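Undergrad:
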Amino acid sequence: MNQQYPSVLLENAVNELAALPGVGRKTALRLALHILRRDRDYVERLSSSLLMLRRDVGYCRECHNICDSDLCSICASPGRDHSTVCVVENVKEVMAVENTAQFHGVYHVLGGIISPIDGIGPADLEINSLVERVASGNVKEVILALRTTMEGDTTNFFLYRKLEPYHVTVSVIARGISIGDEIEYADEVTLGRSIINRVCFNDSIKT
Numbered sequence: 090m091n092q093q094y095p096s097v098l099l100e101n102a103v104n105e106l107a108a109l110p111g112v113g114r115k116t117a118l119r120l121a122l123h124i125l126r127r128d129r130d131y132v133e134r135l136s137s138s139l140l141m142l143r144r145d146v147g148y149c150r151e152c153h154n155i156c157d158s159d160l161c162s163i164c165a166s167p168g169r170d171h172s173t174v175c176v177v178e179n180v181k182e183v184m185a186v187e188n189t190a191q192f193h194g195v196y197h198v199l200g201g202i203i204s205p206i207d208g209i210g211p212a213d214l215e216i217n218s219l220v221e222r223v224a225s226g227n228v229k230e231v232i233l234a235l236r237t238t239m240e241g242d243t244t245n246f247f248l249y250r251k252l253e254p255y256h257v258t259v260s261v262i263a264r265g266i267s268i269g270d271e272i273e274y275a276d277e278v279t280l281g282r283s284i285i286n287r288v289c290f291n292d293s294i295k296t
């Protein structure tokens, strides 16, 4: 049975909130009622922050991480090791690796992984820009920190083949991350150790 709402405006708000990932209609209703109870200033700040997020947040021209300017704070930092690039699937993985405080290089956000079943091919990802970064000659090591699934391994192998002509070290994070796990959900200690104990990709495909 469809939920009956006392207000069309409330129903509209619930519909929009329920479209968010992981938010069901009951949670959406609870959020909408919470917003309704708050003062107007709070609601205006909330709506303004969401509008600014969508309108003004951009992507780093170097690594494709989310940022507020042309270059993200990580790529702009002279204290980072710009010769070591950690390749991740999305922005959430950048945040996860940064939380370990074990990695001091820079990142490259692919924007996904190769998944034919989902209609995602190499052309849909930021692969060409990664190859261009490596081809510049300033990169010595590329760390592949993608999810430990068949799609992740397929993407790893594709990237390895694309980068092989440039004679840079290509490594993968150690399998402290369980098979099938997503990087963003790994605890900081396990993820940190996986970064530190990374192995050469060429060795990993021989085992």
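In terms of our numbering, the sequence shown is numbered consecutively and its last residue is 296. Glycine included, each C-beta is placed from N, C-alpha and C at the ideal position. In this text the structure is predicted, and so the values were computed from the model without any measurement.
#1: Find the nearest neighbour of residue 224 within the set 198, 233, 254, judged by alpha-carbon distance.
#2: Is the separation between the beta-carbon of residue 176 and that of residue 199 shorter than 8 Å?
#3: Should residue 206 be labelled buried (16 or more other beta-carbon atoms within 10 Å of its own) or exposed?
#4: Give the straight-line distance between the Cα atoms of residue 96 and residue 105, rounded to the nearest whole angstrom.
#5: Assuming residue 298 is part of the alpha helix (DSSP H), what are its boundary residues?
#6: Check whether the stretch 156–173 and the stretch 226–244 touch, using three or more Cβ-Cβ pairs below 8 Å as the test.
#7: Output the boundary residues of the alpha helix (DSSP H) element that contains residue 200.
#8: List the residues that DSSP assigns as beta-bridge partners of residue 362.
#9: According to DSSP, simplified to helix, strand and coil, what is residue 130?
#10: With distances taken from CA atoms, which of 121, 246, 238 is nearest residue 136?
#11: By DSSP, does residue 138 sit in helix, in strand, or in coil?
#12: In whole angstroms, what separates the C-alpha of residue 184 from that of residue 155?
#13: Can you check the stretch 179–238 for any alpha helix (DSSP H) of at least 4 residues that lies completely inside it and give the ranges in chain order?
#14: For residue 247, collect the residues of the same chain with a Cβ closer than 8 Å to its Cβ; drop the 5 residues on either side in sequence, then sort them by chain order.
#15: Could you check if residue 245 is buried or exposed, using at least 16 other CB atoms within 10 Å of its CB as the buried criterion?
#16: According to DSSP, what are the bridge partners of residue 176?
#17: Quick one: Cα of residue 251 to Cα of residue 220, how far?
#18: Mark residue 153 as exposed unless 16 or more other C-beta atoms lie within 10 angstroms of its C-beta, in which case mark it buried.
#19: Rounded C-beta distance between residue 182 and residue 263? I'm assuming under 8 Å.
#20: Could you give the residue range of the alpha helix (DSSP H) that holds residue 103?
#21: Classify residue 166 as buried or exposed, calling it buried when 16 or more other Cβ atoms lie within 10 Å of its own Cβ.
TA: From the atom records:
#1: Within the sequence shown, the letter at position 135 stands for residue 224. Of the listed residues, the one whose Cα sits closest to residue 224 is 254.
#2: For this step, residue 176 is matched to residue 87 along the sequence shown. For this step, residue 199 is matched to residue 110 along the sequence shown. Yes, Cβ-Cβ distance for residue 176 and residue 199 is below 8 Å.
#3: One-based indexing of the sequence shown puts residue 206 at position 117. When all chains shown are included, residue 206 counts as exposed.
#4: Your numbering for residue 96 matches position 7 in the sequence shown. Your numbering for residue 105 matches position 16 in the sequence shown. When rounded, the distance between both Cα atoms is 15 Å.
#5: What the structure shows of the chain is the stretch from 90 to 296, and residue 298 is not part of that stretch, so it cannot be assessed.
#6: yes
#7: By 1-based counting over the sequence shown, the position of residue 200 is 111. Where residue 200 is concerned, there is no enclosing alpha helix (DSSP H), given that its DSSP letter is neither H nor E.
#8: Outside the shown range of the chain (90 to 296) lies residue 362, about which nothing can therefore be said.
#9: Numbered from 1 along the sequence shown, position 41 holds the residue referred to as residue 130. In the structure shown, residue 130 sits in a helix (DSSP, three-state: H, G or I).
#10: One-based indexing of the sequence shown puts residue 136 at position 47. For the residues 121, 246, 238, the minimum Cα distance to residue 136 belongs to 121.
#11: Locating residue 138 in the sequence shown gives position 49, counting from the first residue. DSSP places residue 138 in helix when its eight states are reduced to three.
#12: Locating residue 184 in the sequence shown gives position 95, where the first residue counts as 1. Locating residue 155 in the sequence shown gives position 66, where the first residue counts as 1. Near 11 Å, if we compare the C-alpha coordinates of residue 155 and residue 184.
#13: 180–189, 217–224
#14: One-based indexing of the sequence shown puts residue 247 at position 158. Closer than 8 Å at the Cβ level, and outside the excluded window around residue 247, lie 203, 211, 216.
#15: Translated into the one-based positions of the sequence shown, residue 245 becomes position 156. It is buried - the Cβ of residue 245 has at least 16 other Cβ atoms within 10 Å.
#16: In the sequence shown, residue 176 corresponds to position 87, counting from 1. Paired residues: 197, 233.
#17: One-based indexing of the sequence shown puts residue 251 at position 162. One-based indexing of the sequence shown puts residue 220 at position 131. Straight-line Cα distance between these residues: approximately 7 Å.
#18: As a working note, residue 153 is residue 64 in the sequence shown. The residue in question, residue 153, is buried, as its Cβ has 16 or more Cβ neighbours within 10 Å.
#19: In the sequence shown, residue 182 corresponds to position 93, counting from 1. In the sequence shown, residue 263 corresponds to position 174, counting from 1. Not a contact, Cβ separation roughly 16 Å.
#20: If you number the sequence shown from 1, residue 103 lands on position 14. From DSSP, the alpha helix (DSSP H) with residue 103 extends over 97–107.
#21: Position 77 of the sequence shown holds residue 166. Answer is exposed; the Cβ neighbour count stays below 16.
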